[in-house]
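Numbering (full-length UniProt numbering), first residue to last: 1 to 516. Every residue, glycine too, gets a C-beta built ideally from N, C-alpha and C. Please read these numbers as outputs of a predicted model, since none were measured by experiment. The next block holds one structure in the form of structure tokens; read it before the comments.
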Amino acid sequence: MKVIENWSIGTRLAAGFALVGALAIGMALYARHELSVANQALTSVVDERMLNIKKLNLLKHNALNGAQALRDSLLQEELAGAHADLDRLSGMATQNAETLASLDTTIVGQDRQLLDALNAARNPYMATLNKVAELSRAGQSAEARGLLRGELATRQKSYFSALDALVDYQRQQMTSGAQAVREQTARDGWVMLGLAGLGALLGGVVAVLVTRSVVKPLREAVAFAETVASGDLSGRLVATRHDETGQLLAALQRMNDNLAGLVGHVREGCESIAAGSTQIAGGTADLSRRTESQASSLQQTAASMEQLAGTVAQNAATARQASDAAATAGSTAGRGGEAIERAVRTMEDVSTSSRRIADIIGTIDGIAFQTNILALNAAVEAARAGEQGRGFAVVAGEVRSLAQRCAQAAREIKSLIGSSVETVDAGVRLVGEAGSAMHEVVAEVQNVARLMAQISAASAEQTQGIGQVNDAVTDLDRSTQENSALVEENAAATDSLRQQAGKLVEVASRFRLAAA
């Protein structure tokens with residue numbers, strides 16, 4: 001059976017059909033042989049026996065006709081009529097001789113013994129018959145009649161008895177032959193029925209074996225497929241066959257192994273995504289808090305910059321007033337002292353305002369540095385987020401660029417404020433010297449006028465720079481607000497991703513894998 005199980009289904013079906021076909025051919029050959037035997041028996045009965053009976057009946061018929069011709073010749077009054085009857089007798093005798101010769105070639109066995117007995121009875125009969133014929137032909141009718149009624153009648157009776165015995169034997173043989181044919185036909189019928197039953201049994205056995213060899217592995221395949229369909233990937237199929245069903249079982253096992261590996265990878269990936277999305281959600285929440293804090297700080301910075309702009313505008317107005325005062329001092333030296341005092345106070349205010357501006361610019365520079373650090377941290381968190389954080393990384397890069405620009409502008413303003421502070425300090429020293437040397441008031445007032453013009457120009461530049469810084473802070477605040485909105489959207493997307501990853505993990509957990 002193991003060898004047969006390794007055959008392909010086509011080979012098994014072909015072998016089964018070939019076996020049944022061989023049995024059918026054997027039955028056909030046996031039937032043909034038996035029909036040939038029956039045909040030979042029927043030929044012997046019908047052709048040979050019936051022909052022999054026909055020939056024997058012809059012999060008897062000719063013998064009777066010959067005897068009648070002989071008697072007719074004896075009754076003829078004229079010799080010519082008698083000769084005609086005798087010639088008819090001679091023709092019948094010749095025909096009987098030919099018939100006996102043909103029987104001699106066809107009759108064998110026990111028939112031969114009866115034929116020899118027939119010849120033994122015929123020879124004396126024919127001798128007596130010829131003698132009576134010769135007497136009749138010679139005109140010796142009285143002697144011929146005596147011989148006809150005596151010896152010829154006795155020998156004819158013996159001859160006809162031998163003929164009847166041979167005919168009866170032929171009929172008996174024909175009857176027994178027909179009976180033998182009928183018996184043989186009946187036996188052949190039973191044998192054919194037996195062979196047909198054997199063929200049906202053998203065909204049924206082959207059909208059952210072939211069906212079991214195909215259906216059993218197919219049932220195993222269906223059961224295994226139903227197990228896989230239910231989510232159980234821990235099953236194993238052992239394909240011990242090398243036919244199509246064995247190939248099917250092996251293919252199902254490979255499919256199960258590949259599916260188990262795929263589900264395992266999907267499960268690991270889902271768990272990793274779930275863990276990563278949870279981390280991203282935490283980082284996004286932290287980033288959202290920092291962004292809100294940064295937005296609040298930027299709002300405070302914007303308010304401070306508005307105050308700084310007002311102060312710088314006031315400084316510009318003060319510088320213009322100082323310039324007017326210096327011009328007035330040139331024409332009114334008497335009021336020089338008062339103007340100098342106002343100039344001293346004004347310069348002190350300018351120095352104080354300049355230092356305050358320098359402190360505010362330092363604060364702006366610190367805020368820009370912190371913003372740069374926060375943007376850098378946001379870029380790092382976006383890089384950790386992977387594909388989902390790419391958009392946030394771009395926004396973080398823009399925030400970092402704005403922070404760097406703000407820091408650069410703050411440094412430039414700080415440099416200008418430093419120059420202003422130095423200029424104001426120089427003016428204070430000059431005004432102090434003017435108090436001790438009034439005789440140089442006119443010349444010093446002219447110098448002060450020039451210095452105040454420079455201060456006015458520097459204040460105008462400060463006003464422009466503060467305006468730029470204010471615009472930059474406004475842009476940074478707007479960007480921070482946008483970043484806050486993006487962070488909130490990112491948080492929502494991350495939470496959705498975490499939920500989807502949880503669903504994927506739940507779906508993947510429905511599959512039961514084999515223990516590692």
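Which whole runs of the beta strand (DSSP E) in the segment 126-194 are 3 residues long or more, in chain order? List check, beta strand (DSSP E) in window: nothing returned.
For the segment 271-279 and the segment 361-381, state whether three or more C-beta atom pairs, one from each stretch, are separated by less than 8 Å. Cβ pair count under 8 Å is below three, so no.
Extract the residue ranges of the alpha helix (DSSP H) inside the segment 51-121, only unbroken runs of 4 or more that lie entirely within it. Whole alpha helix (DSSP H) segments, 4+ residues: 79-106.
For Asp232, which three-state DSSP category applies? Asp232 carries a strand assignment under DSSP once its states are collapsed to helix, strand and coil.
Helix or strand or just coil, what does DSSP make of Leu237? DSSP places Leu237 in coil when its eight states are reduced to three.
Where Asp475 sits in the DSSP three-state scheme: Here Asp475 sits in helix by DSSP.
Measure the alpha-carbon distance for Ala142 versus Asn65 and round it to whole angstroms. Their Cα atoms are separated by approximately 21 Å.
Mapping DSSP to helix, strand and coil, what is Thr332? Coil at Thr332, not helix or strand.
If the criterion is Cβ atoms closer than 9 Å, does the pair Val132 and Lys60 meet it? One thing to note: Val132 has its Cβ no nearer than 9 Å to the Cβ of Lys60.
Could you give the distance in angstroms between the alpha-carbon of Gly376 and the alpha-carbon of Glu461? Reading off the sequence shown, one finds Leu at residue 376, where the question assumed Gly. If you take the alpha carbons of Leu376 and Glu461, they lie about 32 Å apart.
Quick one: any contact between the segment 477-497 and the segment 282-292, if contact means 3 or more CB pairs under 8 Å? As far as the Cβ criterion goes, the segment 477-497 touches the segment 282-292, which means the pair count is three or higher.
Residue 518 to Leu129 span [Cα, whole Å]: Shown here, the chain extends from 1 to 516; a query on residue 518 therefore has no answer.
Is it the case that the Cβ atoms of Leu218 and Leu248 are separated by a distance below 9 Å? Cβ atoms of Leu218 and Leu248: closer than 9 Å.
Using 8 Å for Cβ pairs, my map puts Ala368 next to Ala410. What's the rounded Cβ distance? About 6 Å separates the two Cβ atoms, so the contact holds.
Please list, in chain order, all residues of the same chain as Leu13 whose beta carbon is under 7 Å from its beta carbon, the five residues on each side excluded. Beyond the five residues adjoining it in sequence on each side, Leu13 comes within less than 7 Å, by CB distance, of Val210 in the same chain, given in chain order.
C-alpha distance - Glu412 paired with Thr371, whole-angstrom precision: Straight-line Cα distance between these residues: approximately 18 Å.
Once DSSP output is grouped into helix, strand and coil, what is the label at Asp243? The answer is coil: DSSP assigns Asp243 none of H, G, I, E or B.
On a Cα-Cα basis, can you pick out the residue from Ala200, Val208, Val214 and Arg254 that is closest to Ala225? Minimum Cα distance to Ala225 is reached at Arg254.
Would you check if the segment 199-209 and the segment 16-25 touch, i.e. whether three or more CB-CB distances between them fall below 8 Å? With a cut-off of 8 Å, the segment 199-209 and the segment 16-25 count as touching, because enough Cβ pairs lie within range.
Buried or exposed by the 16-neighbour rule on C-beta atoms within 10 Å, applied to Thr332: Per the 10 Å Cβ criterion, exposed.
Of the residues Ala138, Glu78, His33 and Leu89, the one placed nearest Met126, counting alpha carbons only: The residue from Ala138, Glu78, His33 and Leu89 with its alpha-carbon nearest to that of Met126 is Leu89.
Can you find the residues in the same chain that come closer than 6 Å, C-beta to C-beta, to Arg122, ignoring five residues on each side of it along the sequence? Excluding positions up to five away in sequence, the list reads Tyr159.
Enumerate in chain order the residues of its own chain whose CB-to-CB distance from Gly26 is below 8 Å, with the five nearest sequence positions on each side excluded. For Gly26, same chain residues with a beta-carbon under 8 Å away, outside a window of 5 residues either side, are Leu195 in chain order.
Residue burial classification, residue 519 (beta-carbon count within 10 angstroms, cutoff 16): In the structure displayed, the chain extends from 1 to 516; residue 519 sits before or after that span and is not available.
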